[in-house]
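**Student:** In the numbering used here, the protein residues as written are 72 to 312.
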Ligand code: FES
Ligand code: FES
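#1: Let me check understanding here. Comparing Cα to Cα, which of 282, 276, 236 lies closest to residue 208?
#2: Name the residue from 194, 204, 221 whose alpha carbon lies nearest to the alpha carbon of residue 174.
#3: Which runs of the beta strand (DSSP E) fall wholly inside the stretch 178 to 222 and span at least 3 residues, in chain order?
#4: Taking only the alpha-carbon atoms, compute the straight-line gap between residue 101 and residue 219 and give it to the nearest angstrom.
#5: Just how far apart, CA to CA, sit residue 286 and residue 189?
#6: Starting from residue 244, trace the alpha helix (DSSP H) both ways and give me its first and last residue.
#7: Round the Cβ separation of residue 187 and residue 251 to the nearest angstrom and send it over; I've been treating them as touching at under 8 Å.
#8: Taking Cβ to Cβ, would you say residue 206 is nearer than 7 Å to residue 192?
#9: I'd like to check one pair, residue 204 with residue 275: are the Cβ atoms closer than 7 Å?
#10: As a quick check of your reading: which residues have a C-beta less than 7 Å from at least one non-hydrogen atom of ligand 1, in chain order?
#11: Can you give me the C-alpha to C-alpha distance between residue 302 and residue 279, rounded to a whole angstrom?
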């Protein structure tokens, strides 16, 4: 009986371990892992748990834990060829109408380069996983999450950030409307919202209210300013609310 309890405890600990690692694996870990040639997969089927972890040595390491006939066994194997080290290159990014060469590593996001290398701080890092929209910029006319675009993917594309459409002495109409309608509280979402609204109005200058709501649906404002934000965009578009 004592042995069975011990085995149950082992299984519980192993499951927690796998769940823990999944929970802690965010998008940045994935990108870094991918850059190092690592693959992450976690499955738990019929008492078998398999987890392949990122590694730093360039060798694929796999830990397989299985429970067969109430016996828990753990096998660790290390095989494969050393993966390439993280690489980078100089790319030319066209930001706000200016082409600038900049060294980037392959796993750096466009958001990281904008903020950390080019000191363009309007795009915000909210979730860093393609959910909140705080990092939105316009790329080739479309609003995109810059946290989901690698800088190397942005080479040769036309990138516009909030800094490129207006400033405090020369506000873009959307920026002015945001102030007029008090469409911001904390301001964290405003740059991304405004860039998404700009992409919407550039492609459809006279949207319906429903189209405005749908167009902004990928941007979240935890302060709940949605009505004011909608009114600001409608004001610029000449749509009555
Ligand atoms: S920070 Fe990019 S979508 Fe949230
Ligand atoms: S104004 Fe606060 S999150 Fe948008």
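Ideal placement from N, C-alpha and C gives every residue a C-beta, glycine not left out. Because the structure is a prediction, the values reported are computed rather than measured.
**Tutor:** Reading off the structure:
#1: Cα-wise, what sits closest to residue 208 is 236.
#2: 221
#3: Counting only runs of 3 or more, we get 207 to 210, 213 to 216.
#4: At residue 101 the pLDDT is 40, less than 50, meaning the model places this residue with poor confidence; the figure from the coordinates comes in the next sentence. When rounded, the distance between both Cα atoms is 12 Å.
#5: 28 Å
#6: 244 to 251
#7: Residue 187 to residue 251, Cβ: 33 Å. No contact.
#8: no
#9: no
#10: 182, 195, 196, 197, 198, 199, 200, 201, 202, 203, 204, 205, 206, 216, 217, 218, 219
#11: 12 Å
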